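Report on one structure; see the data block that follows.
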Amino acid sequence: MDKPVHKLFLLDAMALIYRAHFAFIKAPRITSKGLNTSAVFGFTNTLLEVLQKEKPTHLGVAFDTSAPTFRHVQFEAYKAQRQEQPEDITVAIPLVKRLLKAMCIPILELDGYEADDVIGTIAKEASREGFEVFMMTPDKDYGQLVEEHVYMYKPAFLGNSAEKLGVPEILAKWQIKRIDQVIDMLGLMGDAVDNIPGIPGVGEKTAQKLIEQYDTIENLITHADEIKGKLGEKIRENFDKAILSKQLATIDCQVPVPFDAEDLTMCGPNVDLVVELFDELEFKTLKQRVLGISATGQLSPVIARPGAPAKEKKGQLDLFGNPTEEVGKQPAIISEGIADDDAPEQAYEDLKIPTTRRKIDNTFHRYHTVDTPELMKSLAYYLGLQDAFCFDTETTSLDTIDAELVGLSFSYLAGEAFYIPVPADREKALEIVEHFRAVFENENIEKIGQNIKYDLLVLKNYGIEVHGKMSDTMLAHYLLEPDKRHGMDILAASYLNYEPVSITTLIGKKGVKQGTMRDVAIPEITQYAGEDADITFQLNEIFSKELPKVNASKLFYQVEMPLLKVLASMESTGVRLDINALREMSGVLEIDLRQTESEIYEAAGQSFNISSPKQLGEVLFEKMKLIEKPKKTKTGQYATGEDILSDLEANHVIARKILDYRELQKLKSTYVDALPLLVNRGTGRIHTSYNQAVAATGRLSSTNPNLQNIPIRTIRGREIRKAFVPDTDDFQILSADYSQIELRIMAAFSGDTSMTEAFNQGRDIHATTASKVFGVPLEEVTSDMRRKSKMVNFGIIYGISAFGLSQRLGIPRGEASEIIRAYFEEFPAVKGYMDRIVNNAREKEFVETILGRRRYLPDINSRNQTNRGYAERNAINAPIQGSAADMIKVAMINIHDWMAAEKLKSRMILQVHDELVFDAHRDEIDLLKERVDELMRNAIPMAVRMETGIGVGANWLEAH
DNA sequence: GCGACACC
DNA sequence: GGTGTCGC
0 MDKPVHKLFL
10 LDAMALIYRA
20 HFAFIKAPRI
30 TSKGLNTSAV
40 FGFTNTLLEV
50 LQKEKPTHLG
60 VAFDTSAPTF
70 RHVQFEAYKA
80 QRQEQPEDIT
90 VAIPLVKRLL
100 KAMCIPILEL
110 DGYEADDVIG
120 TIAKEASREG
130 FEVFMMTPDK
140 DYGQLVEEHV
150 YMYKPAFLGN
160 SAEKLGVPEI
170 LAKWQIKRID
180 QVIDMLGLMG
190 DAVDNIPGIP
200 GVGEKTAQKL
210 IEQYDTIENL
220 ITHADEIKGK
230 LGEKIRENFD
240 KAILSKQLAT
250 IDCQVPVPFD
260 AEDLTMCGPN
270 VDLVVELFDE
280 LEFKTLKQRV
290 LGISATGQLS
300 PVIARPGAPA
310 KEKKGQLDLF
320 GNPTEEVGKQ
330 PAIISEGIAD
340 DDAPEQAYED
350 LKIPTTRRKI
360 DNTFHRYHTV
370 DTPELMKSLA
380 YYLGLQDAFC
390 FDTETTSLDT
400 IDAELVGLSF
410 SYLAGEAFYI
420 PVPADREKAL
430 EIVEHFRAVF
440 ENENIEKIGQ
450 NIKYDLLVLK
460 NYGIEVHGKM
470 SDTMLAHYLL
480 EPDKRHGMDI
490 LAASYLNYEP
500 VSITTLIGKK
510 GVKQGTMRDV
520 AIPEITQYAG
530 EDADITFQLN
540 EIFSKELPKV
550 NASKLFYQVE
560 MPLLKVLASM
570 ESTGVRLDIN
580 ALREMSGVLE
590 IDLRQTESEI
600 YEAAGQSFNI
610 SSPKQLGEVL
620 FEKMKLIEKP
630 KKTKTGQYAT
640 GEDILSDLEA
650 NHVIARKILD
660 YRELQKLKST
670 YVDALPLLVN
680 RGTGRIHTSY
690 NQAVAATGRL
700 SSTNPNLQNI
710 PIRTIRGREI
720 RKAFVPDTDD
730 FQILSADYSQ
740 IELRIMAAFS
750 GDTSMTEAFN
760 QGRDIHATTA
770 SKVFGVPLEE
780 VTSDMRRKSK
790 MVNFGIIYGI
800 SAFGLSQRLG
810 IPRGEASEII
820 RAYFEEFPAV
830 KGYMDRIVNN
840 AREKEFVETI
850 LGRRRYLPDI
860 NSRNQTNRGY
870 AERNAINAPI
880 QGSAADMIKV
890 AMINIHDWMA
900 AEKLKSRMIL
910 QVHDELVFDA
920 HRDEIDLLKE
930 RVDELMRNAI
940 PMAVRMETGI
950 GVGANWLEAH
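So the first sequence is numbered by numbering that gives the first Met the number 0: it starts at 0 and just counts up by one.
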């Protein structure tokens, strides 16, 4: 029994249109209105002919798109010769598409791919599924795609009848042994039509001889010196052109087009539309013919699906049987005539979670190595045409200051990326980077990246200042899901169902044995780096649509993105550290530490490791039995925290000494000894790294080292700040901090009149609070009352609980409750605000800051009291802490912009949540004081007056 | 991973 | 309430 034969015809629209146009060039068909219809006419004839004669069961017509492709990129060097597309053809294309839509014939096109790529991909897949495939084109390049069940179909032309070419015919035609040699032939001969250069002077005959003898271009090149005479010379001179030509001639059969036989059927022509078009084009005989065809039903039973409903696109499978993810996120793949014009766009969230995770091996991609000056120029040219591109740097180190560039990757189209290897030699590296300077510095091209600040800093070390709008996927996700993690691997998994190549498979596990990116072979690193850029590009497509949905676009593009550049600049500037001062301190601390240590041993009657909480607990509570019922931590150890030891101070001298020991130890190990090691050898300065995407409230954090927790509370601790010094004698340290920023925001949000008044009149807020809470006149407030009120004020911001306050103040729970009760009685608006925001959060399950930065609090409706309480405190604290963060971020951007515009010598060097620190040139100090104060106070207008305190000094301590 | 402690 | 680092 014969299986019914499925005959698939794939038409190369562009080639057929061109051929038709030139066929009639001497006697073009012109309508009465002057429209040249040669191309449409020729195409239509061919189409109808194939429908009638071949009766395909399935068909599709492929078009090129105007989006640039890599082949264009490679082409660029040769493109000069290419002629402009004739206007008649430009006009013909939409008419042909209209015809196809009217006939309900599937149109195949995909941005970034040419018709031959699309046809090649579908042809191979269809043949695997049992189709007989005919690729209808006059273009000889298609020979390379022919295989069992896949044929070239050359349409009838100028008296020649149509030709079907299978494998034997192609081999005979080219006089080659294998089909894959078609591209070697094309690579050698070149192809004038497609602007493939080939080797000059090599035509079909020579190419045949060479391929017969050497089999492939690659092998020919390795034996090029064996070839004598002019030919050998030509080959040796132009081998790169031959390789490039071979690449150019190769049709890509890995296009992300899902093959679905049902997509390649006709849904039934709309005769009215066809007739209307033919009337317009004045195709009289064709009109008769098409009416005849449809009237006799010759057309519809063959390939039509009469009355078949428009197929819904969801749940489509890709070539590998995996659901095509994020329908509507990728470029439209198949526009199936009219039927598909209104295919539903599906939101990401609605998709079922597929069970198989996509990886590089089972996902379409084109990652190219770009390693010649010509290709780099071409790529740069094409990057220059984009509105936006994604880029990523591969380096030898995570530390931006001494990271050496290993490579650059770019992507501006989902699924495609380019990797440029950069050599270790700095001169050569600079030469390569130079190709991309113009696109990086182009103000009008948006730059997309994952943690782009890192890449900006790396490029800065190669003299490139990246300009233009930024879009950082890490920060976008930070605004979308501030509590989640924002690593690329996690984002790829949750938004693209994709698992990127892990870095460990390339350079090994973390540790001394871990290699660097420099050691990875170029093909592997191309895949890895290309994937990074590609995935980031795709994530950005999703996030840029998600951000407006949560009203975060403004915050993203006007705060976080500009801030990223400010932070990059601060990090790269760094802070000067007085290492000698720290060395001296280290010596003193060491002596005191040894002294304290021996005193502790003496008091304890034994020596032990004081730094081990476990040993310390055993000594204090088992041997010395300082407390009857010692507290334990959740892991069962004795608790020896500061609060507990403080309580013991009265009992035994050892407690005080242990606290002293701890302080000295902390200062020495965390600051005095650690900081000098982090001074960069090159700059002689210390370069912290600001993380813009960790604190769920919107604050920054600082690492390597953390310069946001340099001691200030104790006398000995704050000495460390003396080591933070200005650049030269011409500079001083200037520090500007917001006074009570969070309490002021609380006052503004709650609208509490007495609190607002206190601020607006410049009164001592803690003393004022004390006078109200304890019911005494302001002048009778004691220092203890003020201290307690200060704690209450802090507690309010943190979403107070009586328990928390009693802990902080070291007072009984009852007393704490009483203070809170009194507080809320005096500041009823504050209580009202707290209740309001919690209720609001219960309903929406998120809270937001003044700039709309959200924090999601699903636990606010939890039945678990602990979790719910935590969420409630967050509901109160996050908008306040976060709004303060918003405010200083805006201030930083404005200050940075102003300083740049004024071309000041001074630099902003540190941010510590409510404080900005500057390395201030002496000539600019007065100006800075005035403008920084103004820009900080007015960053975001509020109902409550903002105030700053500004100080200047020879070091950070003196500046306070 | 935890406890302790530095900062806002 | 939010962080990061140290030493065990």
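Every residue gets a Cβ at the ideal spot worked out from N, C-alpha and C, and that includes glycine. This one's a predicted model, so the numbers in the text were calculated from it and none came from an experiment.
A223 has its alpha-carbon roughly 8 Å from the corresponding atom of E232. Three or more pairs of CB atoms, one per stretch, sit closer than 8 Å, so the segment 395-414 contacts the segment 526-546.
Annotation: L474 is outside any beta strand (DSSP E); the continuous alpha helix (DSSP H) that includes it extends over 472-479.
When the Cα atoms are used, D391 and S585 turn out to be separated by approximately 41 Å.
Between the segment 99-117 and the segment 58-65 there are three or more C-beta pairs closer than 8 Å, enough to call the two in contact.
In the three-state reduction of the DSSP assignment, H651 falls in the coil class.
In chain order, Y453, L456, V457, N460, E570, S571, H686, S688 place their CB closer than 8 Å to the CB of T399, counting only its own chain and leaving out the 5 sequence neighbours on each side. Nearest neighbour of E279 by Cα position, chosen from I451, Y660, L94, turns out to be L94. When secondary structure is reduced to three states using DSSP, F773 falls in the coil class, being assigned neither helix nor strand. Boundaries for S610: no alpha helix (DSSP H) harbours it, and the DSSP string shows neither H nor E there. Bridge pairing for E842: absent [DSSP]. In the displayed model, S701 falls within a strand according to three-state DSSP. For D726, the secondary structure class from DSSP, reduced to helix, strand or coil, is coil. Contact between V775 and S788 is ruled out by a C-beta separation of about 11 Å, above the 8 Å threshold. A contact is defined here as three or more CB-CB pairs under 8 Å, and the segment 232-251 meets this definition with respect to the segment 194-211. By the Cβ neighbour-count rule, V289 is buried, with 16 or more other Cβ atoms within 10 Å of its own. D11 sits in a strand when the DSSP states are folded into three classes.
DSSP, read as helix, strand or coil, puts F277 in helix. For R936, the uninterrupted alpha helix (DSSP H) run begins and ends at 924-936, by DSSP. Rounded to the nearest whole angstrom, the C-alpha separation of A379 and H434 is 7 Å.
The three-state secondary structure of Q910, taken from DSSP, is strand.
Residue range 130-135 is occupied by the beta strand (DSSP E) that includes E131, with no alpha helix (DSSP H) assigned at that position. When rounded, the separation of the alpha-carbon atoms in P704 and L592 is 23 Å.
Straight across, the Cα-Cα distance linking L10 with G186 is about 24 Å.
Leaving aside the five residues that flank K240 on each side, the residues in its chain whose CB is nearer than 6 Å to its CB run, in chain order, P196. In this structure V166 is not in contact with V132, their Cβ atoms being roughly 13 Å apart against a cut-off of 8 Å.
Three or more beta-carbon pairs separated by less than 8 Å link the segment 828-844 to the segment 862-878, which places the two stretches in contact.
Going by beta carbons, Y660 and E596 fall inside the 8 Å limit. Linking L164 to F130 through their CA atoms gives a straight-line distance of about 16 Å. In this structure, the alpha-carbon of Y797 lies about 9 Å from that of I879.
Judged by beta-carbon spacing, T249 lies beyond the 8 Å limit of C389, meaning their Cβ atoms are not closer than that value. Fully contained in the segment 402-457 are the following beta strand (DSSP E) runs of length 3 or more, in chain order: 404-412, 415-420, 445-448.
Cβ contact annotation for Q614 (same chain, cutoff 6 Å, sequence separation greater than five): F607, N608, in chain order. Scanning D834, A877, Q864, V671 for the CA closest to the CA of Y855 turns up A877. Within the same chain, Cβ atoms closer than 7 Å to the Cβ of I626 are found at F620, the five residues on either side in sequence being excluded.
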